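Protein chains in written order, with the working numbering: chain A, 1 to 154; chain B, 1001 to 1154; chain C, 2001 to 2092; chain D, 3001 to 3092. For glycine and all other residues, C-beta sits at the position ideal for the given N, C-alpha and C. In this text the structure is predicted, and so the values were computed from the model without any measurement. Right, one structure below, let's go through it.
Next up, the structure:
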C-alpha cells in the first residue's frame, strides 16, 4: 500500500495523513516529513526554485528506495510525493509519510527515505536569485546521512 | 515558539502543521509524529483506552523535555499534544511536531521528544478489554530508545 | 520497635498522598493524608493496613515525587508536602 | 590516433543523449544523438566541439546511466540506447 508521485501541483498533508491513518486499525504511528522552500540561500533571498528530474528513471529509483524501506522495517504504508517545476518560497517540495504499528519503525523509515531520496533520486534544484539562475550544489552532509544506513549492524 | 498541551479533546494535524509551517520563512522541514490507539493489545481487541496523568507534574516534565530538545538542536518550534481520558480504537493519542531549517534536526528532535515522553512523562494507560481493565506494562524497548540519547557523542 | 514508635510520634508533617497507575488500584482505601518524615516512612506506616500496596511500592521501578519533583525515599518531608507514588510511565 | 578514428567509424550504435542539472547548461548545442560504443567514447567524441562540457563530464561525481540504469563508463552501448549524464542530485 505504497504511493509514489512526482507532480507539478501541490499536495495536501491533511489528506495524505488521513489516507495513511485510515488504512488499517493496526496503525499505531504515523510520521510525516514535509520539505519546504526556504526564502534564503547563501544569505540572500531567492525568487524561485525550479526542480528538474529525469522522468522514468526518478520513478524507478523512488520505487527502489520504497522497496528497500519495506524490506528493512515492518511498515503498513509509505507515501512519497516530490514536486517538480517552478516553486516559490514557502511552497511545499517533498512529502514522506510512513504508517506502522510502532513508532521506531516509522521514524527510522521516514529518515531513511529522505536520506536516500536526497542522495539517489534524480532531481536537480535550480535557484533564481537576483534575476540570475544557478544550480544548487550537493551537500556532503546528505551523503553522510545516507551512508549511515550502510554501516548499521541491523 | 513552543506549544505544550494536555487535553481531553482531539487535535487536528492539519491545523498544527499549518501553524508550524507558517511560523517563519526559514522553515525548511516539518516532522510530525502522531500516535494512534491500535485496536489490538496482546492479540485481543480492545474496547477503550484510558489515559491518566499527574496534573501539574506532567506539564512541568513536558516543558523540561521541550527545553532539552531546544538546547540540543537548532529548532524553530515544537508542538507537543497529549490527550488524556477515555479514548477509542483509532483515536489520536499524541502529537509531536517540529519545525526547523534542516531535516536532520527536525527528525532527531521529534524522535527524542517521543522517546523522552514515553519514559519520563507522567502518563499511565489503562486498557479495557473483554469488559475488564488492566494497566499497560511499560516496555523495555522504550527505555532503550530513550537511553540512546545519553550515549551519543554530540 | 519502641524507638520506631517514638520516631513516628515525633513526626508532625501532614503529608498529602497520591497513587498513580496500577498503584491506585491497591490504594483505594488509603487516607488522603498521613503523618511521616520521609517517603520511606510513609511506606512503613502503610504496611500494617495495606501490605499488598506496600509490596507494590517496594518494587524497584516505583518512583516517588515530593511536590512534583522525583526524590529519594529518604527525602525529608515538610508539612503540607504532596507525595506521589509513580509506577513506570506508559504514555505516548 | 589513426586507430581511434577507425574505432569510431566501426561504431554503428546511434545513441540518444541527455544532460541534466548544470550539465545541461554546457550541452545546449550538443546534438540529440551520437554514434558511440561506450559512454567514455561519447565523452571523447564530444571533446573537439564541446571541451567545456567534457571537462564537466570528467568530474568524478558525474554518473552515467544507460537506459535509466547507472553503469560504468565502459559499458557497451546498443543502438537506440538512452545515455544520460547525471551531476550530483539535489532533490528533497
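- A straight-line Cα-Cα distance of about 35 Å links residue 1057(B) and residue 35(A).
- Distance from the Cα of residue 1045(B) is smallest, within the candidate group 1127(B), 1092(B) and 1121(B), for 1127(B).
- Interface residue (Cβ-Cβ distance to chain C less than 7 Å): residue 1123(B) is classified as such.
- Rounded to the nearest angstrom, the Cβ distance from residue 1061(B) to residue 1121(B) is 5 Å, consistent with a contact under 8 Å.
- Within chain C, the residues 2021, 2022, 2025, 2087 and 2090 have their CB atoms less than 8 Å from the CB of residue 1135(B), given in chain order.
- DSSP places residue 75(A) in the uninterrupted beta strand (DSSP E) bounded by 75-83.
- Less than 7 Å divides the Cβ of residue 1038(B) from the Cβ of residue 28(A).
- Counting C-beta atoms within 10 angstroms of its own C-beta, residue 2092(C) has 16 or more neighbours from the protein chains shown and is therefore classed as buried.
- In the DSSP assignment, residue 1053(B) is bridged to 1123(B).
- Residues of the segment 3067-3079 of chain D with a C-beta less than 7 Å from any C-beta of chain A: 3068, listed in chain order.
- Bridge partners of residue 1006(B) according to DSSP: 1082(B).
- Using a Cβ-Cβ distance cut-off of 8 Å, the segment 1084-1094 of chain B and the segment 2048-2059 of chain C are not in contact, since fewer than three pairs of beta carbons, one from each stretch, lie closer than that value.
- Here the segment 1102-1117 of chain B does not lie against the segment 2078-2085 of chain C, with fewer than 3 beta-carbon pairs under 8 Å apart.
- At least one CB atom of chain A sits nearer than 7 Å to the CB of residue 1032(B).
- With fewer than 16 other beta carbons inside 10 angstroms of its own, residue 74(A) counts as exposed.
- A Cβ-Cβ contact shorter than 7 Å links residue 69(A) with residue 109(A).
- Each residue's CA atom was taken as its position, placing residue 3034(D) and residue 3071(D) some 18 Å apart.
- In the DSSP assignment, residue 2014(C) falls within the unbroken beta strand (DSSP E) covering 2014-2019.
- For residue 17(A), there are no C-beta contacts with chain D under 9 Å, since the nearest C-beta of that chain is about 20 Å from it.
- If you ignore the 5 residues before and after residue 1085(B), its C-beta comes within less than 8 Å of the C-beta of 1008, 1050 and 1051, all in its own chain and listed in chain order.
- Shown here for residue 2038(C): same chain residues with a beta carbon closer than 8 Å to its own, the five before and five after excluded, namely 2073, 2074, 2075, 2076 and 2077 in chain order.
- Beta-bridge annotation (DSSP): residue 1134(B) is paired with 1127(B).
- When the beta-carbon positions are compared, residue 1135(B) and residue 2020(C) stay at least 7 Å from each other.
- Between residue 1002(B) and residue 1066(B) a beta carbon distance of about 5 Å is seen, short of the 8 Å cut, so the two are scored as contacting.
- For residue 60(A), the residues of chain D that pass the 7 Å Cβ criterion are 3068, in the order they occur in the chain.
- For residue 1023(B), the secondary structure class from DSSP, reduced to helix, strand or coil, is coil.
- At a cut-off of 7 Å between beta carbons, residue 71(A) makes no contact with chain B.
- For the C-beta of residue 118(A), the chain D residues within less than 7 Å are, from N- to C-terminus, 3091 and 3092.
- In the structure shown, residue 2074(C) adopts coil according to DSSP, grouped into three states.
- Residue 1141(B) counts as exposed, since fewer than 16 other C-beta atoms from the protein chains shown sit within 10 angstroms of its C-beta.
- Contact with chain B is found for residue 107(A), since one of that chain's Cβ atoms lies less than 7 Å from the residue's Cβ.
- At least one beta carbon of chain A lies nearer than 7 Å to the beta carbon of residue 1013(B).
- Against chain B, a Cβ distance below 8 Å from residue 101(A) picks out 1038.
- In this structure, DSSP gives residue 2033(C) an extended state, which the three-state scheme calls strand.
- For residue 1056(B), the nearest beta carbon of chain A is not closer than 7 Å to its own beta carbon.
- For the C-beta of residue 1097(B), not a single chain C residue is nearer than 8 Å; the gap to the nearest is close to 15 Å.
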